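Student: Take 1 as the starting number for the sequence shown in UniProt numbering and just add one per residue.
Virtual Cβ for every residue (Gly too), placed ideally from N, Cα, C.
From a predicted model like this one, the values you see are computed outputs, not experimental measurements.
Submitted below is the structure of interest, expressed as structure tokens.
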Amino acid sequence: MTSNAAPNPTLALAGVSKTLGGVKLFTDVNLQLHSGQSLAVVGESGSGKSTLLHIMAGLDQADTGEVLWADSAIHTLNTSQVAAKRLRHVGLVFQAYYLMPHLSAQQNIELPFLLAGEQPNTQRCLQLLEQVGMAHKAVSFPREMSGGEQQRVAIARALALNPPLILADEPTGNLDEDNAERVLQVLLQACSAQGCALVMVTHSLKAAGHLNKQLSLTEHRLV
Ligand SMILES: Nc1ncnc2c1ncn2[C@@H]1O[C@H](COP(=O)(O)OP(=O)(O)O)[C@@H](O)[C@H]1O
Ligand SMILES: [Mg+2]
Numbered sequence: 001m002t003s004n005a006a007p008n009p010t011l012a013l014a015g016v017s018k019t020l021g022g023v024k025l026f027t028d029v030n031l032q033l034h035s036g037q038s039l040a041v042v043g044e045s046g047s048g049k050s051t052l053l054h055i056m057a058g059l060d061q062a063d064t065g066e067v068l069w070a071d072s073a074i075h076t077l078n079t080s081q082v083a084a085k086r087l088r089h090v091g092l093v094f095q096a097y098y099l100m101p102h103l104s105a106q107q108n109i110e111l112p113f114l115l116a117g118e119q120p121n122t123q124r125c126l127q128l129l130e131q132v133g134m135a136h137k138a139v140s141f142p143r144e145m146s147g148g149e150q151q152r153v154a155i156a157r158a159l160a161l162n163p164p165l166i167l168a169d170e171p172t173g174n175l176d177e178d179n180a181e182r183v184l185q186v187l188l189q190a191c192s193a194q195g196c197a198l199v200m201v202t203h204s205l206k207a208a209g210h211l212n213k214q215l216s217l218t219e220h221r222l223v
């Protein structure tokens, strides 16, 4: 059966605002992102980019407004419902990587499968390691990797379950130019080949220029 109805956006924000520690970060943020689209969010340090990304991920709550993942308004779900939904809907790349220290690179990438109650797809995990240029470190532990190498493993982990939405916080921040280019291509290929929607926070205007759309967090507005 086919439907002519336009699909829901993969991510939508409506009237989102946030104040932290008495400081207004942003107000009335509205956006819609569909399958295959990519958005770069730029802005000065401290402007609230990471906070906005965490709100998109349902890790932080907006003071006002709504965040929707496809057909789900996440403020209507309880914490464990959001966590279960996030596992399938969102691939997250944090500024601080957050790899599991006691797991190897490959095991870190296999972890989302285990959390989802699935047998890890070893072939996919090895292919992702290859894509981010980390196949030679499959059995290495995070403490044996540089920051940039950990970031590349974190990106592979975010893509493991092929989520519709990828949220990446400064994913190229710790990488040299060649590796920054490589991970950008991996993320953009996930958009073009798998139809992911991507939001990437970056201070690099060059990296931002590779994405479909660029918005700036300036004077408390996303413009
Ligand atoms: N838990 C918190 N309590 C109070 N202020 C915070 C908290 N987390 C972040 N901030 C402040 O909010 C501002 C925005 O932080 P952040 O979203 O990390 O900005 P960016 O990612 O753009 O650098 C910063 O000034 C930061 O110091
Ligand atoms: Mg930040």
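#1: Roughly how many whole angstroms lie between the Cα atoms of Ser80 and Val201?
#2: Please go through the stretch 77 to 163 and give each complete beta strand (DSSP E) segment of 3 or more residues, from N-terminal end onward.
#3: According to DSSP, simplified to helix, strand and coil, what is Thr19?
#4: Let's test the definition: count the other Cβ atoms within 10 Å of the Cβ of His136 and tell me whether it reaches 16, buried, or not, exposed.
#5: Give me whichever residues DSSP pairs with Ser45 in a beta bridge.
#6: Collect the residues with a C-beta less than 5 Å away from any heavy atom of ligand 1 and give them in sequence order along the chain.
#7: Any heavy atom of ligand 2 inside 7 Å of the beta-carbon of Gln150?
#8: Could you tell me whether any non-hydrogen atom of ligand 2 is closer than 7 Å to the CB of Asp71?
#9: Would you check if the distance between the CB atom of Ala179 and the CB atom of Gly148 is smaller than 8 Å?
#10: What are the start and end residues of the alpha helix (DSSP H) that includes Ala197?
#11: Taking the alpha-carbon of Ala70 as reference, which of Leu103, Arg124, Arg88, Leu128 has the nearest alpha-carbon?
#12: Determine, using beta carbons only, whether Val183 and Arg143 come nearer to each other than 8 Å.
#13: Out of curiosity, what's the CA-to-CA distance linking Val23 and Glu118?
#14: In the DSSP output, which residue or residues are listed as bridge partners for Ala168?
#15: Mapping the DSSP letters down to three states, classify Asp176 as helix, strand or coil.
#16: Leaving out the 5 sequence neighbours to the left and right, which residues in its chain are closer than 6 Å to Ser47 when beta-carbon positions are compared?
#17: List the endpoints of the continuous beta strand (DSSP E) containing Leu205.
#18: Taking Asn30 and Gly15 to be in contact with their CB atoms under 8 Å, please state how far apart those CB atoms are, rounded to whole angstroms.
#19: Going along the chain, which residues of its own chain have a beta-carbon closer than 8 Å to the beta-carbon of Met1, five neighbours each way excluded?
Tutor: Looking at the atomic coordinates:
#1: 26 Å
#2: Whole beta strand (DSSP E) segments, 3+ residues: 90 to 93.
#3: strand
#4: Result: exposed.
#5: The partner list for Ser45 (beta bridge, DSSP) is empty, contrary to what the question assumes.
#6: Leu20, Gly21, Ser45, Gly46, Ser47, Gly48, Lys49, Ser50, Thr51
#7: no
#8: no
#9: Strictly speaking, residue 179 in this sequence is Asn, with Ala absent from that position. Their beta carbons are under 8 Å apart, which means Asn179 touches Gly148 by this criterion.
#10: According to the DSSP assignment, Ala197 belongs to no alpha helix (DSSP H) but to the beta strand (DSSP E) extending over 197 to 201.
#11: Among Leu103, Arg124, Arg88, Leu128, the Cα nearest to that of Ala70 belongs to Arg88.
#12: No, Cβ-Cβ distance for Val183 and Arg143 is not below 8 Å.
#13: 43 Å
#14: Val93, Met200
#15: coil
#16: Leu217
#17: Per DSSP, Leu205 lies in no beta strand (DSSP E); the unbroken alpha helix (DSSP H) holding it starts and ends at 205 to 208.
#18: 7 Å
#19: Its pLDDT being 47, under 50, Met1 is placed unreliably in this model, and the coordinates cannot settle the point.
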